[in-house]
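Have a look at the structure below before the remarks.
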Amino acid sequence: IFSDVELSQIQTLEKLIEETSFQQMQTRLSDKGLPTGISILLHGAPGTGKTEIAKQLARKTNRELMHVNISECKTMWFGESEKIIKKIFTDYKAYAKDTKTHPILFFNEADAIISKRKEISDRNTDQTENAIQNILLEELESFGGILIATTNLTNNLDKAFERRFLFKIKFQQPSIPIRSKIWKMRLPELAESEANYLADSFDFSGGQIDNKKKKKEITEVLQGVTICFDQIVCFCKEEILH
Numbered sequence: 316i317f318s319d320v321e322l323s324q325i326q327t328l329e330k331l332i333e334e335t336s337f338q339q340m341q342t343r344l345s346d347k348g349l350p351t352g353i354s355i356l357l358h359g360a361p362g363t364g365k366t367e368i369a370k371q372l373a374r375k376t377n378r379e380l381m382h383v384n385i386s387e388c389k390t391m392w393f394g395e396s397e398k399i400i401k402k403i404f405t406d407y408k409a410y411a412k413d414t415k416t417h418p419i420l421f422f423n424e425a426d427a428i429i430s431k432r433k434e435i436s437d438r439n440t441d442q443t444e445n446a447i448q449n450i451l452l453e454e455l456e457s458f459g460g461i462l463i464a465t466t467n468l469t470n471n472l473d474k475a476f477e478r479r480f481l482f483k484i485k486f487q488q489p490s491i492p493i494r495s496k497i498w499k500m501r502l503p504e505l506a507e508s509e510a511n512y513l514a515d516s517f518d519f520s521g522g523q524i525d526n527k528k529k530k531k532e533i534t535e536v537l538q539g540v541t542i543c544f545d546q547i548v549c550f551c552k553e554e555i556l557h
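Plus 315 on top of the position in the sequence shown (first one is 1) and you've got my numbering.
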């Protein structure tokens, strides 16, 4: 459940990467001498649906999702991290040739590799991170497939990466009416007034509301009782750490 603006942008992306549209787009871009790939940045608050949308876009367009583990891109050995990043794109290109549809290359929580580059120093870690980012920038410049990256920290995004992402969708913290719909969807037994109360009282993301659903199910199994509305409110209060 998203706002109208977010939903419109998501639907545009889905239409774009449907196979027929994607092939037509690639042909036209190639004829114009332009890179034929599509790079997408999903950014916004945690728990607002960025990762889930990437998975749903892959499912709806019958594409595989090649999930890159960011932590494995960095090693303690000088020069190895750069090879790993290059190999990711080399493997992607090779695999794409063997499939009917381009897979989606997915960098989840990509803050670590698209953040602002470090000032030049003698530290090996800074030099390695800058080298990784430079390789990534070069690969994105000539990328011919579909890449989706997610991040919560756009304020720390390197300016050079902003241009490399053709499509950028910001996922906002859901409004009260949207939160009410999410509560009602996840817990259908709630009355409208109860869903509205929870939405108005707690500024939760969809991910946090999912946590309450999961906690309710677990508690009912452990205690063998049906959780009432007041207990759900208590769960919500326990979610708030500050």
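Cβ coordinates follow ideal geometry from the N, Cα and C atoms, glycine included.
Nothing here was measured: the structure is a model prediction, and the numbers come from that model.
Look at the beta carbons and you see the stretch 345 to 357 touching the stretch 464 to 476: at least three pairs across the two are nearer than 8 angstroms.
For a cut-off of 8 angstroms, the C-beta gap from E509 to F544 is around 5 angstroms, short enough to register as a contact. Per DSSP, the continuous beta strand (DSSP E) segment holding T466 begins and ends at 461 to 466.
At a Cβ-Cβ threshold of 9 angstroms, K527 and R494 do not count as neighbours. In the three-state scheme derived from DSSP, where H, G and I count as helix and E and B as strand, K347 is classed as coil. Measuring C-alpha to C-alpha distances from D518 to each of W498, E504, E532, K530 identifies W498 as the nearest. With respect to the 9 angstroms criterion, G362 and K408 are not classified as neighbours on the basis of their beta carbons.
In the DSSP assignment, K398 falls outside any beta strand (DSSP E) and lies within the alpha helix (DSSP H) extending over 395 to 412. In the structure shown, I542 adopts coil according to DSSP, grouped into three states. DSSP places I355 in the uninterrupted beta strand (DSSP E) bounded by 353 to 359.
A straight-line Cα-Cα distance of about 10 angstroms links N377 and H417. Distances from the alpha-carbon of F422 to those of G522, A369, N470, I332 put A369 closest. In this structure, I332 keeps its C-beta atom at 9 angstroms or more from the C-beta atom of I484. Residue pairing by DSSP places M381 opposite L420 in a beta bridge.
Taking C-beta separations shorter than 7 angstroms and ignoring five residues to either side along the sequence, the partners of E329 in its chain run L372, K375, T376, following chain order.
Nearest neighbour of A427 by Cα position, chosen from A446, A411, K412, I419, turns out to be A446. Here DSSP, grouped into helix, strand and coil, assigns L331 to helix.
Minimum Cα-Cα distance from N449 among the listed residues H382, V383, E397, Q538 corresponds to E397. For S323, the secondary structure class from DSSP, reduced to helix, strand or coil, is helix. Rounded to the nearest angstrom, the Cβ distance from A425 to I400 is 12 angstroms, too far for a contact under 8 angstroms.
Between the C-alpha atoms of I547 and L556 there is a straight-line separation of about 16 angstroms.
Across the structure, N511 and G521 are spaced so that their CA atoms are roughly 15 angstroms apart. In terms of Cβ geometry, I524 and T534 do not form a close pair [threshold 9 angstroms]. Here S516 carries a helix assignment [DSSP, helix/strand/coil].
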